[in-house]
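For the sequence shown, the residue numbers in the working numbering are 142 to 519. The C-beta atom is built at its ideal place from N, Cα and C for all residues, glycine as well.
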Amino acid sequence: MTNPHRPRLVLYAQTHHSREGEPISLLPLLQSNARRVTHLIVAAVHLNDNAALTLNDDPDTAPKFDQLWSEVADLQASGVPVLALLGGAAKGSYARLETEFERYYSVLASFLRRHTLSGIDLDVEEQTSLQAIIRLIDHLRADFGPSFLITLAPVLTALVPYKPHLSGFSYFALDAMRGADIAWYNSQLYNGWGDASVAQDFMLAIASGWDPRRVVLGLVTSPENGSGFVPLDRLGPVVAALRAWCAAYPGITAGTEGFGGVMGWEYFNSHPEGRNAPWLWAETVGSMLAAPILPPALPPPMGGRGQLANASAPFPGETGCCCAECYGWERGARCGYVAGRVMELHVPNWVILGRYNTGICSLRPPPPHLRPLSVSRR
């Protein structure tokens, strides 16, 4: 029997040493009150020139990380899966994988095996093609097996049509082609990419057709870590509303959880106590996620606050041109059109037809011989 879904509590750890150079221990997360963390993500792995891999600025094998990797093993032995973040704000890792895949992938795979990690978080903040990210996912799945966790960390706008984002490819197209291999999405609602102090922005992504169980509400744990910090007393009502709305969302079994969970960037200085007791943030948010689900005070919103960044071209222009049939633009190597609730995407050698629930336009019904969801080779 499949275990019932429970909201995740995902915590990133990128700062591994104090200002004085002392290692920052992760083991307080195993204390009874803080043990609600479901997944830890170690950041940030970079693939550099000459096939050199670093964790932040140093080789992952540097002695300064000995305590980190020892504690990672302790966390995993205690039932907390640990993933590694690849990429992030420092660009170049995905560009190198795109141009010299075999060389750089072998370095990445060796790193994952060396530390016996449970998964990888793909934080793509540089222009990357759909084909490149699919190739990476396919190799990871083939080499590490079905239990290996693959997550992505898009900014919230990547999960909403008509909005710009950082990755270059369409997450709608990616999920249509490789959704079965992606465990969930750590959506970023900070640094101007969404507002986590209200529930509407997150629900805008859910209303765009995403399964709410597969999208995690991402926020910064301290004002030092980025703009858009949400104090815990403000976050509590937001989480309660999202849990209630997602539990009542179409397709979610009555009486079960529908909310994907909460993600925090990052551990070392988390509020309310900051560096003195960073685990208290996880304790507090974990309690929010464990509380009984209350009936929603209002129906779930079907749109955000209208403050998300605006795109310069409508989706799916982010991956190429739209078809002439839809927007009057020239068909390109990668393009797509939407007909009612069905979206057809064209990428080299493939045609993907998938359900699309936001209804961008309604030119005509889909051809009767096509199924609601299909992937075919050209």
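| Query | Result |
| --- | --- |
| Distance CB(D198)-CB(L226) smaller than 8 Å | no |
| Cβ of D336 within 8 Å of any chain C Cβ | The question asks about chain C, but that chain is absent: this structure has only one protein chain. |
| Rounded Cβ spacing between G359 and S328 (contact assumed at less than 8 Å) | 5 Å |
| Counterpart residues of S328 in DSSP-defined beta bridges | L358 |
| Which of helix, strand or coil DSSP assigns to R149 | strand |
| Sub-8 Å separation of T231 and H187 beta-carbons | The question names Thr, yet the displayed sequence has Ala at residue 231. Yes, these two residues count as a Cβ contact at 8 Å. |
| Short Cβ contact (8 Å threshold) for D261 with L224 | This sequence places Ile at residue 261; Asp is not what is there. A contact, by the Cβ cut-off of 8 Å. |
| Rounded distance between the beta-carbons of A423 and L152, thought under 8 Å | 6 Å |
| Cβ pair W420, L170 closer than 8 Å | yes |
| Euclidean distance between Cα positions of L435 and S428 | 14 Å |
| 8 Å Cβ cutoff met for R276 and F252 | no |
| Beta-carbon proximity list for A385, same chain, < 7 Å, skipping 5 on both sides | I434, L435, P436 and P437 |
| Which of helix, strand or coil DSSP assigns to G377 | helix |
| Touch test, the region 301–313 against the region 267–274, Cβ-Cβ under 8 Å, three pairs minimum | yes |
| Contact under 8 Å by Cβ, W406 with V361 | yes |
| Rounded straight-line distance, which links the Cα of W334 to that of D342 | 10 Å |
| Contact set for V357: own chain, Cβ-Cβ below 8 Å, skip 5 residues either direction | R149, V151, W325, Y326, N327, S328, G401, G402, V403 and M404 |
| With 16 other Cβ atoms within 10 Å as the buried cut-off, status of D316 | buried |
| Opposing strand residues paired with H158 [DSSP bridges] | P164 |
| DSSP state of L297 mapped onto helix, strand, coil | helix |
| Same chain only: Cβ atoms within 6 Å of R282, ignoring 5 sequence neighbours per side | D322 |
| Rounded separation between D201 and L194 - CA only | 7 Å |
| Rounded C-alpha distance that separates Y235 from G228 | 7 Å |
| Rounded separation between L373 and E414 - CA only | 12 Å |
| Distance between P364 and L249 (C-alpha atoms, nearest Å) | 32 Å |
| Through-space distance from S259 to P287, alpha-carbon basis | 11 Å |
| Residue burial classification, E161 (beta-carbon count within 10 angstroms, cutoff 16) | exposed |
| Secondary structure of I182, DSSP reduced to three states | strand |
| Euclidean distance between Cα positions of W210 and L345 | 38 Å |
| DSSP beta-bridge partners of V403 | L150 and L358 |
| Expected contact under 8 Å - CB spacing of A337 and V371 to nearest Å | 5 Å |
| Inter-residue spacing [alpha-carbon to alpha-carbon] between V183 and A395 | 35 Å |
| Beta-carbon proximity check, V379 vs V426, cutoff 8 Å | no |
| Local Cβ density within 10 Å of A465, reported as buried at 16 or more and exposed below that | Here A465 scores only 26 on pLDDT, less than 50, and its place in the model should not be relied on; the value that follows carries that caveat. Label assigned to A465: exposed. |
| Close beta carbons around I347, own chain, < 6 Å, minus the five adjacent residues each side | P353 |
| Ordered list of beta strand (DSSP E) runs contained in the region 191–228, each at least 3 residues | 193–196 and 223–228 |
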